[in-house]
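S.K.:
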Amino acid sequence: MKWSTIQLQKYRGKSMDINETIDLAEALKNRDPQIRDVSPIHVIGNANITSEKVTFHLHITGKLILPCSRTLVNVDYPIDVHSTEIFHYQSSTSYDEEDDVEIHHTQGDVVDLDPVIIELILLEIPIQVFSEKAKDDQHLPSGTEWEVVTEDQVKQDEENKEKKIDPRLAGLAKFFDEQS
Numbered sequence: 001m002k003w004s005t006i007q008l009q010k011y012r013g014k015s016m017d018i019n020e021t022i023d024l025a026e027a028l029k030n031r032d033p034q035i036r037d038v039s040p041i042h043v044i045g046n047a048n049i050t051s052e053k054v055t056f057h058l059h060i061t062g063k064l065i066l067p068c069s070r071t072l073v074n075v076d077y078p079i080d081v082h083s084t085e086i087f088h089y090q091s092s093t094s095y096d097e098e099d100d101v102e103i104h105h106t107q108g109d110v111v112d113l114d115p116v117i118i119e120l121i122l123l124e125i126p127i128q129v130f131s132e133k134a135k136d137d138q139h140l141p142s143g144t145e146w147e148v149v150t151e152d153q154v155k156q157d158e159e160n161k162e163k164k165i166d167p168r169l170a171g172l173a174k175f176f177d178e179q180s
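Numbering (UniProt numbering), first residue to last: 1 to 180.
1) With C-beta atoms as the reference, is residue 62 less than 7 Å away from residue 41?
2) If you pair each beta-carbon of the segment 123–131 with each one of the segment 82–92, do three or more pairs fall below 8 Å?
3) Please identify the residue among 8, 6 and 31 whose C-alpha is closest to the C-alpha of residue 117.
4) Thinking residue 54 and residue 111 are a contact (beta carbons under 8 Å), I'd like their distance in whole angstroms, please.
5) Starting from residue 116, trace the alpha helix (DSSP H) in both directions and tell me its first and last residue.
6) Note down the Cα distance separating residue 155 from residue 161, rounded to an integer number of angstroms.
7) With C-beta atoms as the reference, is residue 20 less than 7 Å away from residue 43?
8) Once the 5 residues before and after residue 11 are set aside, which same chain residues still bring their CB inside 6 Å of it?
9) As an exercise, report each continuous alpha helix (DSSP H) stretch of at least 4 residues that is fully enclosed by the segment 17–43, in chain order.
10) Grouping DSSP H, G and I as helix and E and B as strand, with all else coil, what is residue 56?
11) I need the boundaries of the beta strand (DSSP E) containing residue 154, first residue and last residue.
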């Protein structure tokens with residue numbers, strides 16, 4: 001999704017609607033090897049063009065195939081991102097800072113949204129993804145002398161343990177019992 005600044009100036013003072021489906025599979029897989037597959041990305045929105053900048057209001061949807069953190073099976077992970085991106089034509093242009101808005105500068109006379117969309121999608125990928133089967137399965141993986149436990153199991157084990165006194169400090173414990 002590239003436009004020259006000359007193309008964009010035709011829409012100055014008006015809103016330019018965007019409704020495109022783009023294929024970013026290779027670019028996303030190259031940036032994050034965890035991504036197994038990517039559906040075509042649908043970008044809807046509009047652009048407001050002035051003489052100094054272009055403001056894009058985007059809604060990005062699609063689907064990623066990621067590995068389950070426990071079982072490594074494929075998991076469909078939906079992407080649904082809303083973003084406002086501003087491209088300034090000249091880097092020396094002053095601007096008012098707006099909340100939650102990223103400011104970009106054009107490279108030459110071209111406004112390229114693809115790298116911005118790729119970055120927005122990569123930021124949406126969670127650290128861990130679980131398949132429905134892995135979420136529902138109460139039996140966590142285990143092996144010889146190891147097992148995966150939940151935080152609740154750790155807390156329960158700590159509560160159930162007796163407070164064992166180190167034999168080297170047993171005499172000290174008797175000392176405190178005598179004083180009370």
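Note that beta-carbon positions come from the ideal geometry of N, C-alpha and C, so glycine has one too.
M.R.: For this structure:
1) When the beta-carbon positions are compared, residue 62 and residue 41 come within less than 7 Å of each other.
2) The segment 123–131 is not in contact with the segment 82–92.
3) Closest option to residue 117, Cα to Cα, is 31.
4) Between residue 54 and residue 111, the beta carbon gap of about 6 Å places them in contact (Cβ cut-off 8 Å).
5) That run of the alpha helix (DSSP H) goes 114–124.
6) Approximately 10 Å between the Cα atoms of the pair.
7) Their beta carbons are under 7 Å apart, which means residue 20 touches residue 43 by this criterion.
8) Excluding residues within five positions, the ones whose Cβ falls inside 6 Å are 49.
9) Within the segment 17–43, the runs of alpha helix (DSSP H) at least 4 residues long that lie entirely inside it are, in chain order, 25–31.
10) In the displayed model, residue 56 falls within a strand according to three-state DSSP.
11) Under the DSSP assignment, residue 154 falls outside any beta strand (DSSP E), being part of the alpha helix (DSSP H) whose first and last residues are 151–160.
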